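S.K.: A single structure is presented below for examination.
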Amino acid sequence: MDSYSYIHFLSKTMAIDSILAHQQEITRLNQSIEQLKARLENNLINDDEYKQLVMDCGRCVVLGFELNVLQREQNRRRTASTNP
0 MDSYSYIHFL
10 SKTMAIDSIL
20 AHQQEITRLN
30 QSIEQLKARL
40 ENNLINDDEY
50 KQLVMDCGRC
60 VVLGFELNVL
70 QREQNRRRTA
80 STNP
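Just so we're aligned, residue 0 is where the sequence shown starts under numbering that gives the first Met the number 0, counting upward by one.
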């Protein structure tokens, strides 16, 4: 494997790893959000938990945006490699 192919392989692998990491973190955040929302609905949430809920919601939105960007880039690269 020449150096260009190796770098391309690493780049592709890192992109897939990054996508998986984002998906896993979004899943974790969604679980946390659901638990905190249940506490909020039952009027059992304290100030620190409320702050955590707001932070988790914001992080989930931003990670979703980043995931979308990563997936578009992955699709662009896939298309470019099949249509030289």
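Glycine is no exception: its CB is placed at the ideal position from the N, C-alpha and C atoms.
Note that the structure is a prediction, hence the values are computed from the model and not measured.
With a CB to CB cut of under 8 Å and the five nearest residues on each side skipped, what residues in its chain are close to C59?
M.R.: Closer than 8 Å at Cβ, skipping near neighbours: I25, L28, N29, I32.
S.K.: Nearest to I15 by alpha carbon, out of N82, R71, T81, A79?
M.R.: Among N82, R71, T81, A79, the Cα nearest to that of I15 belongs to R71.
S.K.: Is L39 closer than 8 Å to L52 when the C-beta atoms are compared?
M.R.: Contact: yes.
S.K.: How would you call T78, buried or exposed, if buried means at least 16 neighbouring beta carbons within 10 angstroms?
M.R.: With fewer than 16 Cβ atoms within 10 Å of its Cβ, T78 is classed as exposed.
S.K.: Go ahead and label L43 buried or exposed: buried means 16 or more other beta carbons lie within 10 angstroms of its beta carbon, across all protein chains shown.
M.R.: It counts as exposed.
S.K.: Helix or strand or just coil, what does DSSP make of I44?
M.R.: If DSSP states are grouped into helix, strand and coil, I44 belongs with coil.
S.K.: With DSSP as the reference, label N82 as helix, strand or coil.
M.R.: Coil.
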